[in-house]
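Okay, so here's the structure we're looking at.
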Amino acid sequence: MNLSLLILFPLVTAIILLFCNGLKQVRMVALAGAGLQLILAIFLLVAFLQDRSMGNQLTMLFEYDFVWFKNLPIHYHIGVDGISIAMILLTSCIVFAGILISWTMEKLSKEFFFLLVLLSMGAYGFFISLDLFTLFFFLEIAVIPKFLLIGVWGSGKKEYSAMKLALMLMAGSALVFVGLLGVYYQTGSFDMMKIAQMNIPLDTQYFFFPFVFLGFGIFAALFPFHTWVPDGHASAPTAASMFLAGISMKLGGYGCLRVATFLMPAAAHYYSPIIIVLATIAIIYGAFATMMQTDLKYINAYSSVSHCGFVILGIGMLTQTSIKGAVLQMVSHGLMTALFFAAIGMIYTRTHTRMVAQLGGLLKVMPFISTVFVIAGLCSLGLPGFSGFVAEMTVFMGSWQNPGGLYRLATILSCASIVVTAVYILRATGKTIMGPLDGAYSKLGDALWNEKLAAGLLITGIVLIGVAPFLINQLIGPGTAAMMEQIGKTINLK
Amino acid sequence: MSSLSEIPLAHILFVSTALFFIGMYGLFTRKNLVTLLMAIELMLNSVNINFIAFNKYLYPGKLDGVFFSLFIITIAAAEAAVAIAIIINLYRSHQSIDVDDATEMKY
Amino acid sequence: MNAHAIIFYLISAFLLGTGILSVTTKKIFRSAIWLLFSLVGIASLYFWMEVEFVAAVQIIVYVGGIVILIIFSIFLTQQSGKEMPGPGLLRTVFSLLAVLFGAGFCCMLINEYGFTQLPGNQFSVAVADIGTQMLSTAEHGFVLPFEVVSMLLLGAMIGCIVIAMKSKEAKNKGVLENEQEAVGTVISSQQNNTL
Amino acid sequence: MLMDFFILLKQELVIVAIIFLLLFINLGKDRSNESLLPLINVVLLLNVLLGFFGSKEGSLFGEMFHTGKLIILEKNILNLATWIISLLSFSWLRTHKHVIEFYILLLTALLGMFFMISSGNLLVLYLGLEMSTIPIAAAANFDLAKRKSSEAAMKMIISSAFSSALVLLGISWIYGVSGSLDFSVILLQGPDSPFRIFAFILLVSGFAFKMSAVPFHLWTADVYEGAPVSVTAYLSVVSKASVVFVILAFLYNAGKAFADTWYHILIVLSILSIIIGNLFALRQNNFKRFLAFSSIAQVGFIFIGIAGSSQVSSAAVVYFVLVYVFSNLAAFGVVALVSAVSGKENISDYKAFYTTNPLLSWVLTIAMFSLAGVPPTAGFFGKFFLLMAGAAKGNYWLIGIAALNMVVSFYYYLRVVKTIFMEENSQPIEKLAIPGASRLALYICLAGMLIAGLASCVYDYIYSISFGL
Amino acid sequence: MSDYAYIVLIPLLPLASFVLLGLFGRKYFTKSAGIIGTMALLASTIIALMAAHQYFFVDGKVAGAYHQVIAFKYTWLAFSPGVSIDMGIVIDPISVMMLVVVSFVSLMVHMFSLGYMKGEERFATYYAYLGLFTFSMLGLVLSVNIFQVYLFWELVGVSSFLLIGYYYEKPTAVAASKKAFIVTRFADLGFLIGILILGFYSGTLDISTLIHKLTSVQSPEYIAITTAGFLGASALTWALVLVFIGGAGKSAMFPLHIWLPDAMEGPTPVSALIHAATMVVAGVYLVARLFPVFSMDDTALHVVTYVGAFSALLAAVIACTQTDIKRVLAFSTMSQIGYMMFALGVSKQVGEQGLGYMASMFHLFTHAFFKSLLFLCAGAVIHLVHSNEIKDMGGLRKLMPVTHIAFLVACLAIAGVPPFAGFFSKEEILLAAFNENKLIYAVALFTAALTAFYMFRLYFSIFWSKESAHHDTHHEGTVSMKIPLIILAACTIGVGFIPFAKLVTADGAALETHIDILFSLAPVGLTLIAILIAARLYKQQNGGPQKIADSLGGFYRVVSRKFYMDELYLFITKKIIFPLIGKPIAWIDRNIVDGCMNALASITVKISGGIKGMQSGKVQGYALYFFGGVTLLAILFIYVWK
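Right under this line is the structure:
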């Protein structure tokens with residue numbers, strides 16, 4: 000299994016897209032590309048599981064190490080473990096769904112799909128990188144297309160939002176960059192697997208960990224650096240919102256975990272109270288802020304802040320279960336929020352409004368979309384049978400395993416957010432989906448085939464994880480265990 | 000030769016330094032572009048004095064300083080020529096060679 | 000203090016005095032003349048230091064070339080008689096402060112460094128030496144700078160021509176010629192001197 | 000021996016030959032620009048290609064001139080940049096009356112830079128410095144009828160004359176304390192007295208002036224704005240690049256004993272440059288002025304790289320300059336085309352540029368990304384390596400400031416992109432016909448921006464021939 | 000022990016019905032959805048009865064007690080070693096009992112709905128939801144793992160939400176469904192934290208292991224959980240109280256009961272199923288499930304007792320004043336569940352002292368029948384009258400004889416008149432309370448009388464009172480609606496005679512019980528008196544009730560407004576949480592947090608504007624700056640940094 004294909008496929012798709020003409024051709028190519036990615040991701044999953052079942056116990060599989068810059072220790076070093084595979088699957092699903100949702104995108108369609116595919120390339124590259132340079136490279140690749148996607152195809156105060164998003168994310172990556180250089184100069188290597196084996200001196204860890212963690216934290220909407228999220232999501236076109244919330248924010252979470260925590264566990268331990276406090280604030284505060292929103296996209300955006308708080312919380316708690324929960328939450332939230340945005344997008348294209356107050360009773364005219372909306376909402380509030388429950392419960396269980404008053408308090412407060420979540424989700428659902436139908440909307444149609452397919456794909460993912468979490472547990476369990484072993488070693492050393 | 004030692008090198012350098020800053024003062028305060036140019040010539044000349052003095056007093060073995068000053072004189076001439084050409088062109092477009100009149104581009 | 004020293008101080012006072020006048024006089028033409036005196040003063044300083052060749056070049060190029068050029072340009076821009084507006088008070092104060100500080104600072108540095116002269120001074124500048132060294136490619140030859148400078152002069156000349164040439168309008172034809180002449184003078188004098 | 004002479008001096012000699020060729024053409028019968036420009040471009044292309052043959056290490060004229068692989072590469076970069084600028088100037092020069100003179104000035108300046116880069120002696124250095132300035136000042140006035148053009152030329156010549164006076168003061172003092180002009184001797188003693196340090200600072204400030212580092216940068220924006228676009232491009236790319244090379248060679252070779260001093264000077268200047276450059280770039284509307292300030296900020300980054308004082312840093316600096324050449328020229332290329340046809344030079348004129356000129360928009364966008372340092376453009380690699388080199392000394396706070404300033408710089412680069420793609424305009428710039436030459440140049444820049452980073456061989460080659468402190 | 004794996008079919012059949020109807024119902028099964036759902040439930044019920052038969056009578060007791068059988072267990076989600084969510088099936092007396100109740104009542108409701116919901120646009124969806132609910136409830140009662148309980152607990156909650164909001168175009172229905180979900184969610188928070196505490200200290204989430212570990216006084220887990228404490232109470236107490244809060248939420252115990260009356264916005268059969276017979280007793284079931292652990296902690300048991308008793312009384316008082324028949328029934332449900340709760344609270348784990356437990360379960364069992372019957376009857380009435388208000392009814396006994404009889408039977412049962420089912424279970428509860436706590440006994444007794452009063456108030460108001468304003472053209476309902484009524488009425492009469500004490504007890508061993516006539520005298524007497532008063536007041540239309548209400552004045556108003564609990568909650572949410580927490584946070588986010596980010600940008604721009612003077616356009620100024628820069632560097636490097 001050659002992992003580079005994950006980068007190559009989108010790249011080739013993007014290049015072909017540049018030479019396409021007409022909406023039809025463009026979207027067919029984009030869809031085919033995304034479909035291939037999806038197939039490849041599934042194939043990768045199968046190959047991975049096969050390898051594992053054959054007894055391959057290496058931390059990383061399908062490793063490939065190519066000296067990129069021979070005079071600097073920069074390698075093109077890629078490899079995957081279960082966590083990365085989960086993220087890759089997530090990415091491919093969302094990209095596929097995103098392209099389907101934007102099927103009717105007519106304004107500059109070629110550029111739109113081009114950027115979307117480019118984004119996916121960045122995400123794949125990020126998730127498979129084992130070299131910090133490559134990782135950073137792909138991280139930044141995944142930022143700029145968002146700027147254009149929001150700014151050109153967005154709505155509302157799109158330019159402001161696009162700029163804000165780009166700048167804040169770039170500030171994040173600038174922080175990451177400083178941290179990476181620090182790590183590099185302490186270890187002389189960019190190779191994560193190697194760095195993990197070395198013990199970075201404590202004071203160095205203490206100094207650079209905040210840079211890396213905060214940097215990635217901005218991507219993951221860490222309080223108080225989450226303010227790009229609402230504006231960015233609200234202004235973005237549907238597919239970009241899906242991608243933004245579904246994948247981009249996961250880049251941050253993954254980075255916090257894979258780079259910050261994995262490489263500098265002692266510092267992670269040292270700073271965990273702060274991380275926990277910030278995460279808890281994000282969870283509670285995000286939830287309450289969501290409650291007051293009147294725009295569907297803002298609702299989902301703020302709820303993303305709250306939900307991504309669980310990711311940070313899980314990481315900050317530093318127990319194996321909580322970290323597993325964080326990963327699960329990333330996957331779950333990715334799918335769920337993408338679905339939510341898809342639903343909102345579908346509603347918006349029909350009603351041309353996203354204001355809760357102006358909608359109502361949509362269930363009557365668009366039962367499919369409404370059902371999708373409700374499912375996304377229920378997943379968001381952590382209903383069993385959907386992925387959200389599995390993820391959140393894992394985080395809670397893991398968090399509770401970390402004794403100590405602060406941790407306990409944080410866990411309890413975070414748990415409390417499920418109530419607030421219920422409030423805002425039901426409020427939104429009650430006002431848009433239920434209630435009397437506005438006469439103006441009585442002629443609107445239900446979802447088209449592409450939208451159904453997209454939503455179906457995402458729902459399948461959500462339900463699969465929700466109903467059979469042992470499957471994904473099998474995938475990410477060993478990965479987190481290996482990671483935790485490494486982390487545990489260092490923390491105990493101290 | 001002995002007479003030279005009565006004047007310390009430092010005094011010559013003081014003179015050249017003074018001349019340099021006289022030129023600089025001119026550069027800072029004059030309004031007319033041609034006078035700015037003259038101020039610059041003064042500064043360059045002061046440097047020439049430096050070169051000659053150092054060469055003569057400290058490093059008489061080689062002629063580096065002398066040569067340098069010769070080249071400076073040449074360059075100064077070329078620079079002055081170009082500057083004057085530019086000033087004339089400026090005069091054509093602005094009808095003035097006041098330096099404060101040519102401040103269209105700023106901030 | 001012997002006569003030699005007195006001469007030095009006299010020359011210095013002269014060149015600094017005229018220099019100051021040159022940068023402060025209100026009338027531009029006078030300013031040019033003071034500059035001329037100052038440059039002559041510098042040339043005499045060179046004479047005093049017994050580097051006659053440089054002194055000669057100084058007089059030929061500066062007095063004979065540049066100052067003339069400047070005076071020409073003053074005429075061309077028709078400002079010879081006018082009183083120039085003085086600088087603003089603030090500007091003067093600031094400049095004065097900066098300059099005085101700079102000068103004081105530099106003099107202090109010079110003083111602090113304490114140059115020690117060599118006792119037996121064997122400095123002599125023969126024109127022939129200069130000529131051979133200028134064109135020598137060996138260790139202390141200056142043929143490379145010489146050639147470089149010639150290319151520079153070429154470039155400068157062409158630049159001057161293009162810029163100062165007033166296209167199509169015959170009115171200022173004279174300017175062009177004067178320009179070319181002036182530049183030509185400078186260049187030829189330089190070439191002559193070094194050869 | 001003679002052969003050696005020719006080989007070592009080949010690049011300079013070729014330039015001189017071209018200058019004379021142009022002179023002869025000028026003397027001959029009048030030719031139309033349409034026939035002249037292709038010829039000149041071909042000659043310049045040959046010049047670029049010739050640069051890659053027969054490299055040899057050595058020195059001439061008693062250490063006054065020396066060359067080596069890195070120096071040849073640097074000159075090749077400058078040659079290439081000059082050629083690209085020439086290609087990009089096509090539409091501007093087509094109607095210009097003084098094409099040959101323009102090229103002579105450009106090439107004279109280039110020659111000056113070559114000597115400057117190769118210099119082993121303060122005299123040659125100084126002459127090179129002047130030679131690369133005076134013709135450009137003249138060239139800045141080449142939009143003869145424009146008020147701004149003469150203002151720019153005036154500002155440039157006065158500023159540079161002032162700067163050279165200070166540099167000369169510094170050189171004379173250095174001569175005074177060392178008795179020599181040779182790089183190998185002048186700074187041997189190190190910063191043991193204030194006098195020496197001040198002399199050194201004066202000299203460095205001259206370089207900083209040419210590189211337009213804050214606070215010696217003030218001429219830059221005005222000159223860039225007023226000068227013809229091609230000259231601005233030349234100033235901002237070739238001229239600046241050459242000084243970077245010189246300062247690199249000078250500090251790393253001659254300035255060894257002063258390493259501690261210049262290290263700190265560079266840091267002070269780089270912080271000032273990055274911050275002030277960014278702050279001013281934020282508020283610009285004129286595209287050239289904007290690029291001026293952006294290049295000032297870039298200089299700050301280059302200084303950080305130089306401050307690293309290792310082989311990695313010199314490689315990073317040269318590499319960055321190469322990348323910078325491509326990126327900046329791509330941007331100037333588009334600006335030159337637009338300016339030549341429509342005369343519009345403001346960023347706000349580019350609103351909805353994408354609707355009429357998609358290709359140019361993409362080139363400009365990628366150039367902005369490359370300048371901003373966004374992957375996968377080469378600019379990302381350039382900046383990464385620079386800061387990596389700078390971080391080697393452990394001054395992470397500096398890297399932190401630089402990194403955060405990169406965010407500010409993102410703002411204004413993205414603002415351009417925003418203007419092009421997102422803003423509405425009822426009268427966008429019309430669809431431009433791109434001359435073949437310019438198209439070629441833009442493609443070269445595009446290829447450079449996209450490939451020079453990803454293909455590690457470029458960097459690896461530069462690294463293999465560069466040197467540390 | 001024989002194989003019980005087939006039991007898995009009981010929940011899975013409704014699930015299949017849900018999936019089928021949910022995915023394809025709208026298109027393909029618009030008419031046949033009811034039949035499909037009912038058939039699935041019929042099969043489930045039969046299997047459940049078979050299982051009950053097998054468990055109680057075929058396999059029977061081992062060593063004098065019924066034992067727990069884990070029929071099936073699968074690790075669904077592993078957290079860490081030992082701690083995992085398992086999906087499984089537990090077979091023990093209460094789960095089997097609940098299986099029967101849930102599937103049976105659900106079947107009845109399915110059947111009833113065939114007629115009741117006929118012609119609804121979203122008929123298939125309705126049956127899908129019913130299937131989902133039944134599945135969840137069955138899953139809940141079969142849980143082996145405390146997290147499995149929680150999981151199905153949530154599912155039950157959401158199906159309740161969906162069903163309450165079935166008439167989604169009615170804003171009140173939407174509001175009620177939201178309220179129900181959010182209030183129970185709030186309670187679930189307690190449950191969840193309780194689980195976390197229990198799981199953390201016992202190192203397992205498996206219920207039987209957990210019970211095993213936490214009930215032996217010497218086990219390290221027990222010592223850990225009782226020594227750890229917070230705010231003066233041990234971790235065990237906290238955990239149990241929190242779990243009980245979860246139960247209280249679902250079971251509508253004070254003060255989390257406010258959702259239940261509003262939940263009556265849903266279709267009436269749904270109320271019968273969810274809000275009378277099954278879901279609302281989940282809290283009781285939960286406490287019963289964890290009863291061995293509860294029995295280790297007196298404080299927790301006291302909480303259960305007093306909350307239960309108070310709820311019972313409160314609900315009964317409120318029920319007397321309500322005019323919406325479904326709301327009366329809702330409060331009566333709450334009251335009866337209060338009975339079950341305090342019965343558990345006064346119980347102990349072993350032997351004779353376990354009477355309360357048995358009584359509670361017994362009451363749960365009987366209550367399921369008569370309360371669902373009451374609701375279905377109410378449904379039939381509403382179906383005819385198209386109103387929930389008592390004042391729109393009256394004299395219906397002639398129009399709907401079947402319903403009338405069934406309703407009467409149910410009323411007698413709930414009032415505790417022998418020999419109806421309610422009598423037996425209530426007797427046991429009273430006895431248990433009498434044995435343990437006289438205060439509780441008094442409350443219970445009073446409540447029993449109140450119950451009889453308000454139930455017969457309802458009965459007389461509906462079926463007697465004024466003459467019917469409705470014409471004969473109205474029919475009582477379809478056969479499919481009558482059959483369940485008849486069956487349930489029969490059950491209501493019959494189930495009291497089941498020897499429950501032999502079957503379902505705390506420790507599995509049989510309990511000797513007997514009806515003590517002397518003891519029964521007081522409650523039955525009080526009940527009869529209450530019925531008489533009700534008959535006096537409501538059989539004929541007269542001004543009596545109004546007079547009494549007037550004479551009570553303020554008290555009556557407070558009671559009829561449900562002690563202003565709704566208003567209190569509204570005040571807390573609308574006046575405190577939204578404006579005092581939500582709004583400020585949203586404001587802070589937009590203006591302070593985001594404002595800081597924006598301020599950063601605008602400050603930068605300001606600075607940029609502030610220093611623009613540097614670039615004055617005057618070349619002499621530039622030179623001055625140049626010289627200044629040189630000087631600055633010189634001073635820095637010569638004097639400052641050497």
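Chains as they are written, first to last, in numbering that gives the first Met the number 0: chain X, 0 to 493; chain L, 0 to 106; chain Y, 0 to 194; chain A, 0 to 468; chain F, 0 to 641. Yeah, the Cβ is synthetic: ideal placement off N, Cα and C, and Gly gets one too. It should be emphasised that the depicted structure is a prediction, and the values quoted were computed from it without experimental measurement.
Asked                                                                                                                                                                     : Found
Can you confirm whether A633 of chain F, when its beta carbon is compared against all beta carbons of chain A, has any partner nearer than 8 Å?                           : yes
Output needed in chain order: residues of the stretch 189 to 215 of chain A with a Cβ under 7 Å from some Cβ in chain Y.                                                  : S192, P193, F194 and F197
Any beta carbon of chain L sitting closer than 8 Å to that of L623 of chain F?                                                                                            : yes
Check the C-beta distance from L241 of chain F over to G189 of chain F and give it rounded, since I have them as a contact under 8 Å.                                     : 4 Å
For a test of the three-state rule: what should DSSP assign to G130 of chain Y, helix, strand or coil?                                                                    : helix
Looking only at its chain, what residues have a beta carbon closer than 6 Å to the beta carbon of G447 of chain A, apart from the 5 residues adjacent to it on each side? : F325
Report yes if the C-beta distance between I87 of chain L and S72 of chain Y is below 8 Å; otherwise report no.                                                            : yes
Note down, in chain order, each residue of its chain lying with its Cβ closer than 7 Å to the Cβ of D565 of chain F, except the 5 sequence neighbours on either side.     : I257
Which word fits I222 of chain F, buried or exposed, when buried means at least 16 other C-beta atoms lie within 10 angstroms of its C-beta?                               : exposed
Is the CB-CB distance between C134 of chain F and P10 of chain F below 8 Å?                                                                                               : For the record, residue 134 of chain F in the displayed sequence is Phe; it is not Cys. Against a cut-off of 8 Å, the Cβ pair of P10 of chain F and F134 of chain F comes out as a contact.
Please compile the residues from chain F whose C-beta is within a distance smaller than 9 Å of the C-beta of W448 of chain X.                                             : What W448 of chain X touches in chain F: nothing, since even the nearest Cβ is about 15 Å away.
Return the chain-ordered ranges of every alpha helix (DSSP H) run that is complete within the stretch 114 to 187 of chain X and spans a minimum of 4 residues.            : 131 to 140, 143 to 152 and 157 to 186
Considering only their Cβ atoms, is the gap separating L79 of chain A from V549 of chain A smaller than 8 Å?                                                              : Nothing in the structure corresponds to residue 549 of chain A, since chain A is present only between 0 and 468.
Taking 6 Å as the limit between beta carbons, can you name the residues of its chain near V349 of chain F, skipping five residues before and five after?                  : D506
Can you list, in chain order, the residues of the stretch 167 to 178 of chain A whose Cβ is nearer than 8 Å to any Cβ on chain L?                                         : L167, L168, I170, S171, W172, Y174, G175 and G178
List the endpoints of the continuous alpha helix (DSSP H) containing H65 of chain A.                                                                                      : No alpha helix (DSSP H) holds H65 of chain A; the beta strand (DSSP E) holding it covers F64 to T66.
Using a Cβ-Cβ cutoff of 7 Å, what residues of the stretch 608 to 621 of chain F are near chain L? List them in chain order.                                               : K611, Q614, S615, G616, K617, V618 and Q619
What are the boundary residues of the beta strand (DSSP E) that D64 of chain X is part of?                                                                                : L60 to F68
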